[in-house]
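So for the sequence shown, this note's numbering puts the first residue at 10; every next one is plus one. Where is the CB? At the ideal position from N, CA and C, for every residue including glycine. Here the structure comes first, spelled out in structure tokens, and everything after it is commentary.
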Amino acid sequence: MAEVIKTEEVKHAFNLGKIEVPVLFGINLTVQEGEFIALCGSSGSGKSTLLNLIGGLVKPTEGKIYCGGEDITAMDENRLSLFRRQKLGFIFQSYNLLPDLTAQENVELPLVFAEIPPAKRTEMAREALELVGLSDRMDHRPNELSGGQQQRVSIARALVNRPQLILADEPTGNLDSHTEEEVIELMLRMNREQGHTFVVVTHDQTVAKRASRVIYLKDGIIERED
Ligand SMILES: Nc1ncnc2c1ncn2[C@@H]1O[C@H](COP(=O)(O)OP(=O)(O)OP(=O)(O)O)[C@@H](O)[C@H]1O
Ligand SMILES: [Mg+2]
Numbered sequence: 010m011a012e013v014i015k016t017e018e019v020k021h022a023f024n025l026g027k028i029e030v031p032v033l034f035g036i037n038l039t040v041q042e043g044e045f046i047a048l049c050g051s052s053g054s055g056k057s058t059l060l061n062l063i064g065g066l067v068k069p070t071e072g073k074i075y076c077g078g079e080d081i082t083a084m085d086e087n088r089l090s091l092f093r094r095q096k097l098g099f100i101f102q103s104y105n106l107l108p109d110l111t112a113q114e115n116v117e118l119p120l121v122f123a124e125i126p127p128a129k130r131t132e133m134a135r136e137a138l139e140l141v142g143l144s145d146r147m148d149h150r151p152n153e154l155s156g157g158q159q160q161r162v163s164i165a166r167a168l169v170n171r172p173q174l175i176l177a178d179e180p181t182g183n184l185d186s187h188t189e190e191e192v193i194e195l196m197l198r199m200n201r202e203q204g205h206t207f208v209v210v211t212h213d214q215t216v217a218k219r220a221s222r223v224i225y226l227k228d229g230i231i232e233r234e235d
């Protein structure tokens, strides 16, 4: 099994002018290809920070992060954004869809950056939207979709260029329990059938129960894992 992520003694402190806010205190975590990891822990324990570090959105103050063997902490901003576009998919609690674009156009965006030709792009976006059950909502804008539908669009967007790793920060946080169950089911199916590796930050025991591994963060360290 290939190693998708490896963090070595990762520490992070946010710098607020004169004040340093230490948040992570030495995280050693390895994620293997095909895993579905749930990242749990109380509010403020550092889950989102760790996810953002793994996704190359924030640089750690100390330590190394390897993604597919490459040290992302050593990459400059250009390399890093290329790496994010090619290797990662992100799913956020607030969906982060562009309001003026239709569902299909939102899903096409990563492919635009990857310079896939327009016809192919459309085909791939429509396929991804079908996969998440939104064939009949492709031309809707985000404000014309329900929360669950918007999250499914953002899952389709995260999957569309078949990234090595999908990072999700409380993807079901804004959804009712029925829709939540559907979204979890969808992510598990993408893991099982399409082989995407997931790291999912969650407060939700249903996700945690069905994950291949659960990592518990407490006050910026890994407290335990199941
Ligand atoms: N940009 C920032 N600047 C300063 N401090 C920050 C910043 N982002 C997060 N923090 C602090 O880092 C700590 C961890 O935050 P983080 O968002 O990683 O927690 P979390 O585990 O995701 O919590 P939640 O479950 O509430 O989302 C918190 O104490 C928070 O105040
Ligand atoms: Mg968080």
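By the beta-carbon neighbour count (other beta carbons within 10 angstroms, threshold 16), Ser54 is buried.
By the neighbour-count criterion, in which 16 or more other beta carbons inside 10 Å mark a residue as buried, Glu179 falls on the buried side. Excluding the 5 residues flanking it on each side, Glu191 has same chain C-beta neighbours closer than 7 Å at Gly157, in chain order. Of the heavy atoms belonging to ligand 2, at least one sits nearer than 7 Å to the Cβ of Asp178. Distances between the C-beta of Phe92 and the heavy atoms of ligand 1 are all 7 Å or more. Residue environment: Ile28 is assigned as exposed (fewer than 16 neighbouring CB atoms within 10 Å of its CB, all protein chains considered). Burial of Pro172 is indicated by the presence of at least 16 other C-beta atoms within 10 angstroms of its C-beta.
In terms of Cβ geometry, Arg222 and Ile46 form a close pair [threshold 8 Å].
If you draw a straight line from the Cα of Leu89 to the Cα of Leu97, it is about 11 Å long. Residue selection by CB proximity (closer than 5 Å to any heavy atom of ligand 1) returns Phe23, Val30, Val32, Ser52, Gly53, Ser54, Gly55, Lys56, Ser57 and Thr58 in chain order. In the DSSP assignment, Ala47 falls within the unbroken beta strand (DSSP E) covering Phe45 to Cys49.
Here DSSP, grouped into helix, strand and coil, assigns Lys56 to helix. At least one heavy atom of ligand 2 lies less than 7 Å from the C-beta of Val210. The count of Cβ pairs closer than 8 Å, one atom from the region 104 to 116 and one from the region 148 to 162, reaches three, so the stretches are in contact. DSSP lists Ala22 as the beta-bridge partner residues of Pro31. Restricting attention to Glu71, Leu91, Phe92 and Ala167, the CA atom closest to the CA of Asn115 is found in Ala167.
Cβ neighbours of Val30 within its own chain (closer than 7 Å, five residues either side excluded): Ala22 and Phe23. For Ile224 and Ser103, the gap between their C-alpha atoms comes out near 23 Å.
Residues Arg93, Leu97, Phe99 and Leu176 of the same chain have their beta carbon placed closer than 8 Å to that of Gly64, with the five preceding and five following residues left out of the count. According to the DSSP assignment, Val141 belongs to no beta strand (DSSP E), since it is labelled neither H nor E.
For the 8 Å CB-CB criterion, Ile193 and Thr206 do not form a contact.
Ile231 and Asp145 have their C-alpha atoms roughly 43 Å apart. Listed in chain order, the non-local C-beta contacts of Gly229 below 6 Å within the same chain comprise Val32, Leu33, Phe34 and Gly55, local neighbours out to five positions each way being set aside. Closest in alpha carbon position to Met10, among Gly72, Gly77, Ala83 and Asn105, is Gly77.
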